[in-house]
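What follows is a short report on a single structure.
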Amino acid sequence: MIDQLAATGLTFDIVPHLGALVAAYLLALPIGWDREKGERSAGLRTFPLVAIASCGFIQATETLTAGSPEATARIVEGLITGMGFIGGGAILVVKASVRGTATAASLWATGAIGTSVGLGAYDVAIVLAIMTFLTLRLNANLKSDGPQNRPD
239 MIDQLAATGL
249 TFDIVPHLGA
259 LVAAYLLALP
269 IGWDREKGER
279 SAGLRTFPLV
289 AIASCGFIQA
299 TETLTAGSPE
309 ATARIVEGLI
319 TGMGFIGGGA
329 ILVVKASVRG
339 TATAASLWAT
349 GAIGTSVGLG
359 AYDVAIVLAI
369 MTFLTLRLNA
379 NLKSDGPQNR
389 PD
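Okay, so the sequence shown: first residue is 239 according to the numbering used here, each after it adds one.
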């Protein structure tokens, strides 16, 4: 069956696509772990899903956007908007406090990680993953109320 589809011009490059999806998943996992450990609204399931979905959208549209940087930019623009929408759902306003902004921002960053992997910019994805993880882990200790009572 694959030979018949190949005769029509369709190709199956599953190995490179699978490799990119696995890379996006693995880069998002520590961020999801950090959020899960802190009992945040999004965690081990959400963050890898955001990364692989972003990567998958880029990969799925490769043939449509080949040779058209403008088309690729529109796909990325849609992903940025979608991540903002998902992140907005993580933000809660309770009385006089706002919670979930770090989770929302890290979801957005995770979307950027997946998008970077999908575009083949692994160096950018790795730096984003490291910086996001370190920001969540280390900067929480700098807050005046300490890691136990941090609002997000």
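Yeah, the Cβ is synthetic: ideal placement off N, Cα and C, and Gly gets one too.
In this text the structure is predicted, and so the values were computed from the model without any measurement.
Contact between the segment 253–270 and the segment 283–293 is established, with three or more Cβ pairs separated by less than 8 Å.
Three or more Cβ pairs drawn from the segment 338–353 and the segment 267–275 lie within less than 8 Å of each other, which places the two stretches in contact. In the structure shown, L282 adopts coil according to DSSP, grouped into three states.
In the DSSP assignment, L374 falls outside any beta strand (DSSP E) and within the unbroken alpha helix (DSSP H) covering 360–376. Looking at the backbone, the Cα of G305 and that of T299 are separated by about 12 Å. Closest by C-alpha distance to T303, out of A363, T370, G356, is G356. In the three-state reduction of the DSSP assignment, L330 falls in the strand class.
In the DSSP assignment, V336 forms a beta bridge with V331. Here the alpha carbons of G320 and I313 stand approximately 11 Å from one another.
About 5 Å separates the Cβ atoms of T341 and A280, confirming a contact at the 8 Å cut-off. Straight through space, the alpha carbons of L380 and T310 are spaced by roughly 39 Å. C-alpha of F323 to C-alpha of R337: approximately 16 Å in a straight line. As the crow flies, the alpha-carbon of L282 is around 11 Å from that of G276.
The C-beta distance from L366 to S354 rounds to 6 Å, short enough to fall under 8 Å. Under the three-state reduction of DSSP, D272 is assigned to helix.
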